[in-house]
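Numbering (the working numbering), first residue to last: 14 to 264. Below is one structure, written out as structure tokens; comments come after it.
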Amino acid sequence: MKLRNENVLIFGGGSGIGKAIAVRFLEAGAKVCIAGRSREKLEAAAEEIGSEKLWCHAFDIADVDRHEACFEACAEMLGQVDSFVNAAALGTGAFTGRGYEPWDITGEEWDALTDVNFKAAFFLIRNEVDYLRKHGLRGNILNIASNAACMDIIGSYGAAKEAVIKWTRAFGKRFGHDGIIINGIAPGATFTPMIARYAHSIDQPYERHAIGRFIRPDEIAELAFYLMSDYGQIVCGHTVVADGGDNNATL
Ligand SMILES: NC(=O)c1ccc[n+]([C@@H]2O[C@H](COP(=O)([O-])OP(=O)(O)OC[C@H]3O[C@@H](n4cnc5c(N)ncnc54)[C@H](OP(=O)(O)O)[C@@H]3O)[C@@H](O)[C@H]2O)c1
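As structure tokens, this is what we get:
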């Protein structure tokens, strides 16, 4: 099994799941650019990973009118961008310091979350498809949704992730005909900074998952590798739920 495309731009690649995917893809021989808002976070990740095939680009995905300029800047570093991983998002808990109840969010926070998790998530997929078609590339796009899409969360985060699954299906079915393979992963609670409020150790028991523990970012990265491999294209326009059997999520 090998990656279908090897010039990969990973939004949210400076930490957590995006960083683990960067590591896995570099191991597979890809060239990778990691993007996020904080240059310091990206540079710290790059130093930790230590690869000559890794580049960084500071960028805020909420700046939807500059997506193409961002792709072009990363293409200059990599020589080409033919593969995208959309892992950037704001978790409600990490962002507001509160939970997912309807009363846990102010109007201003709602706008900040939805600008990234909803609006930017849509424009990224659309603009990535445009970019690949413009350059005649049979590329890959992987969207990191969440199993929060399958929970009774009344609020912003889960609704945005449900939309990501819907767009993955709609764009994936339409542009698979052009050789552009779009899939998604909906992880359960994965041990990253996003859930640091309640996940203090990878060894901490987590009974909500049938497997009794948190998911490791490298486990999600392995699934990402499959979905973006030459084998993964048979899963076209779908989101794989990888939530360790979360008893709060229903499909
Ligand atoms: N951890 C979980 O339990 C879990 C479960 C289900 C789904 N997910 C999803 O998995 C994906 C990765 O999250 P994670 O768990 O790895 O958490 P994380 O470590 O917080 O990663 C999120 C990344 O997104 C970047 N980001 C946030 N806002 C951005 C913006 N406006 N523009 C560009 N980059 C931005 C952050 O970097 P900067 O701060 O530098 O911008 C950060 O590196 C997210 O889509 C998340 O919703 C996570």
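For every residue, glycine included, the Cβ atom is placed at its ideal position computed from N, Cα and C. Computed from a predicted structure; not experimentally measured.
Residue i, enclosing beta strand (DSSP E) - first and last residue
| i | result |
| --- | --- |
| Thr252 | Thr252 to Ala255 |
| Phe97 | Ser96 to Asn99 |
| Pro200 | Ile194 to Pro200 |
Expected contact under 8 Å - CB spacing of residue i and residue j to nearest Å
| i | j | result |
| --- | --- | --- |
| Ile30 | Ile166 | Ile30 to Ile166, Cβ: 19 Å. No contact. |
| Thr109 | Glu122 | 5 Å |
| Gly192 | Asn18 | The Cβ separation is near 10 Å, so there is no contact. |
| Glu141 | Phe97 | 5 Å |
| Gly250 | Thr181 | 6 Å |
| Ala100 | Ile23 | 6 Å |
| Phe204 | Arg221 | That belief does not hold up - the Cβ atoms of Phe204 and Arg221 are roughly 14 Å apart, past 8 Å. |
| Phe84 | Tyr144 | 5 Å |
| Ser28 | Pro206 | 5 Å |
Closest by C-alpha distance to residue i, when choosing among the options
| i | options | result |
| --- | --- | --- |
| Leu103 | Ile247, Asp78 and Lys132 | Lys132 |
| Phe136 | Phe38, Val254 and Glu81 | Glu81 |
| Tyr211 | Glu60, Gly106 and His251 | Gly106 |
| Gly25 | Gly42, Phe38, Arg50 and Val36 | Arg50 |
| Thr127 | Met164, Ala75, Arg151 and Phe84 | Ala75 |
| Leu91 | Arg229, Ala234 and Ala43 | Ala43 |
| Lys186 | Asn130, Thr252 and Ile224 | Thr252 |
| Ile62 | Pro218, Leu39, Leu150 and Ala88 | Leu39 |
| Lys179 | Leu150, Ile138, Val77 and Ile247 | Ile138 |
| Ile247 | Leu55, Ala202, Ser214 and His190 | His190 |
| Ala134 | Asp231, Val177 and Asp95 | Val177 |
| Leu67 | Asn261, Gly149, Gly112 and Val45 | Val45 |
| Ala262 | Gly201, Ala35 and Val129 | Gly201 |
| Arg146 | Gly171, Phe184, Glu89 and Glu60 | Phe184 |
| Ser169 | Lys15, Asp216 and Gly112 | Gly112 |
| Asp95 | Glu60, Asp124 and Val21 | Val21 |
| Gly171 | Gly225, Pro115, Val36 and Ala48 | Pro115 |
Delimiting residues of the alpha helix (DSSP H) encompassing residue i
| i | result |
| --- | --- |
| Trp123 | Gly120 to Thr127 |
| Cys69 | Element bounds for Cys69: not the alpha helix (DSSP H) but the beta strand (DSSP E), Leu67 to Ala71. |
| Met90 | His80 to Leu91 |
| Pro206 | Taken as a continuous stretch (DSSP letters only), Pro206 belongs to no alpha helix (DSSP H), as it is neither H nor E. |
| Leu238 | Per the sequence shown, the amino acid found at residue 238 is Phe instead of Leu. Residues Pro230 to Leu240. |
| Gly29 | Gly29 to Glu40 |
Which of helix, strand or coil DSSP assigns to residue i
| i | result |
| --- | --- |
| Asp191 | helix |
| His222 | strand |
| Leu103 | coil |
| Thr263 | coil |
| Ile47 | strand |
| Phe24 | strand |
| Leu16 | strand |
| Leu150 | coil |
| Ser169 | helix |
| Ile62 | helix |
| Ile157 | strand |
| Glu114 | coil |
| Gln217 | coil |
| Arg210 | coil |
| Ala133 | helix |
| Asp76 | coil |
| Asp243 | coil |
| Gly185 | helix |
| Cys163 | helix |
Residue i Cβ short of 7 Å to ligand 3 heavy atom set
| i | result |
| --- | --- |
| Asn160 | Judged by which ligands are present, ligand 3 is missing from the structure shown, whose ligands are ligand 1. |
*Are at least three pairs of beta-carbons, each pair with one atom in the region 189-204 and one in the region 235-252, less than 8 Å apart?*
As far as the Cβ criterion goes, the region 189-204 touches the region 235-252, which means the pair count is three or higher.
_When you compare the region 253-263 with the region 159-173, are there three or more beta-carbon pairs, one atom per stretch, that lie closer than 8 Å?_
Because the criterion of three Cβ pairs below 8 Å is met, the region 253-263 and the region 159-173 touch.
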